[in-house]
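Right, one structure below, let's go through it.
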Amino acid sequence: MHQPRTFWDKFYLVIKGLVMGAANKVPGVSGGIVAFVGGFYEEFIYSLQKVNLKAFKLLFNGRFKSFFRYTNANFLALLVSGMLISYFSVSRLLDYFLDKKELFVWASFFGMILGSIYYISKDYNHWNRQTITAGVVGLLMGLSISFLSPAKENDNLLFIFFCGIISVSGMTLPGLSGSFILILMGNYVLLLVDSVNALYDTLAEVFRGDFSFWQNAERIRTLKILAVFTLGSATGLVTLSHLLGYVLKRYHETTTAVIIGFITGSLGVLWPWKQTIYKTDALGNFLLDSNGDKIIRNYQRYWPDWTSMETWGAVFFIILGIFVLLALDWYGRNRKERKKVRASR
């Protein structure tokens, strides 16, 4: 599991973390798919499994080298670095494009998911009655999540901690979008927009030598919420990884079938042609959350207008998304072949 890595291996791992972080931010997209397609999903799960009692004993006893080696900390640190960079750069860019060119963003990710389904399925040769049933169950689960209605925003810290545990499932379960789960729980804007922006603004102020945020009660409240959410996410990552590691080791083919079905079902969330439906009161006025943002009730999907140039633009981005995944597949296969050639010399 612990592979010696070149400088470029480390660089590409940071880039993969960056893409994984960006994927986690978009409702309907799973960071776990990036890990699966990127070829590091199992190492990611098994590395998280090593964050256990033995690891903490090594750390508290001052055996830092043993701790880093045992937990594969180099791998996790590079991946997490990429995710952190993403949350303060790429994710903010995505916020902009989701606001200005929402259809094209959804279309791009829809294409990427189609490409992911092909990528995961092409070498899977274990279809039988059991795995087909597992695939159908995964498909139905993915579709059912697509049509659930979001709840109201809730800033109770215990609930925020629970949100952290649940939302991180998108990093460990390919096809299950953590950010979409947060929309269903009513806390997407609070936890992935307002809290991240509050941290970004706070860090920018601190770098300028401005510590006035201590006097800002609302900022402190939001940062406290982000801290609890982060703690919940870390707890969820470790606990889910142990469960998934066990399942992958003993039921690998069945688990992969469920993942293929789940990812296919998640296409319902990412269907590009949809209109956001907001909650209203009896008089038809939009209901707002604590930050003054309209509360999403659900999405109304519709068939595209084939006479519209915007529709054909979206089709182009779907094809582009598929092409990106096929290009990654081609790159991954060629890289493996080059490594084999170098090893045989």
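Those letters in the sequence shown? Residues 70 to 414, by the working numbering. Yeah, the Cβ is synthetic: ideal placement off N, Cα and C, and Gly gets one too.
- Assignment of ARG132 by DSSP, reduced to helix, strand and coil, places it in the coil class.
- PHE125 is not bridged by DSSP to any residue.
- Annotated three-state conformation of PHE113 is helix, per DSSP.
- The alpha-carbon separation between LYS318 and GLY278 amounts to approximately 51 Å.
- The beta carbon of PHE173 is closer than 7 Å to those of GLY382, ALA383, PHE386 in its chain, skipping five residues each way along the sequence.
- Nearest in C-alpha terms to ILE289, of all of LEU268, PHE231, LEU251, is LEU268.
- Note that the stretch 281-288 does not touch the stretch 330-346; fewer than 3 beta-carbon pairs, one per stretch, sit closer than 8 Å.
- Each of ILE229, PHE129, PHE144 was checked against the Cα of ALA104, and the nearest Cα belongs to PHE144.
- Its chain contains SER310, HIS311, GLY314 as the residues whose beta carbon lies nearer than 6 Å to that of GLN118, once the 5 sequence neighbours on both sides are disregarded; these appear in chain order.
- Only exposed fits LYS134, as fewer than 16 other CB atoms lie within 10 angstroms of its CB.
- Counting the other Cβ atoms within 10 Å of the Cβ of LYS169 gives fewer than 16, which makes it exposed.
- Counting other Cβ atoms within 10 Å of its Cβ, PHE129 stays below 16 and is therefore classed as exposed.
- Where GLY255 is concerned, there is no enclosing alpha helix (DSSP H), because DSSP gives it neither an H nor an E.
- Under the three-state reduction of DSSP output, PHE280 falls in the coil class, being neither helix nor strand.
- The C-beta of ASN256 has 16 or more other C-beta atoms within 10 Å across all chains shown, which makes the residue buried.
- Under the 10 Å beta carbon count, GLY131 is surrounded by fewer than 16 other beta carbons and is classified as exposed.
- Residue environment analysis places GLU379 among the exposed positions, since fewer than 16 neighbouring C-beta atoms fall within 10 angstroms of its C-beta.
- The Cβ atoms of VAL297 and ILE229 sit closer than 8 Å to each other.
- In this structure ILE114 does not touch GLY207 by the C-beta definition: roughly 18 Å separates them, more than the 8 Å allowed.
- With fewer than 16 neighbouring CB atoms inside 10 Å of its own CB, PHE392 falls in the exposed class.
- In this structure ASP350 is in contact with LEU356, their Cβ atoms being roughly 6 Å apart against a cut-off of 8 Å.
- By the Cβ neighbour-count rule, ALA273 is exposed, with fewer than 16 other Cβ atoms within 10 Å of its own.
- By the CB criterion at 8 Å, GLY101 and GLY151 fall outside the cutoff.
- Collapsing the DSSP output to three states places THR299 in a helix.
- Restricting attention to PHE231, ALA326, LYS123, the CA atom closest to the CA of ILE186 is found in ALA326.
- Relative to the Cα of TRP77, the nearest Cα in the group LEU352, LEU147, GLY247 belongs to LEU147.
- When the Cα atoms are used, PHE282 and TYR139 turn out to be separated by approximately 39 Å.
- For the set ALA92, PHE231, PHE109, the Cα lying nearest the Cα of ALA303 is the one of PHE231.
- Inclusion of LYS79 and LEU261 in the CB contact set at 8 Å is not warranted, their separation being larger than that value.
- By the Cβ-count criterion, LEU162 is exposed, with fewer than 16 other Cβ atoms from all chains shown falling within 10 Å of its own Cβ.
- Shown here for LEU259: same chain residues with a beta carbon closer than 6 Å to its own, the five before and five after excluded, namely GLU222 in chain order.
- The stretch 317-341 contains, as complete alpha helix (DSSP H) runs of 4+ residues, the segments 321-334, 336-339 (chain order).
- Excluding five sequence positions before and after GLY247, the CB atoms of its chain that fall closer than 8 Å to its own CB belong to ASN93, SER99, GLY100, ILE235, SER236, VAL237, SER238, GLY239, MET240, given in chain order.
- In this structure, GLY180 places its C-beta atom within 8 Å of the C-beta atom of LEU389.
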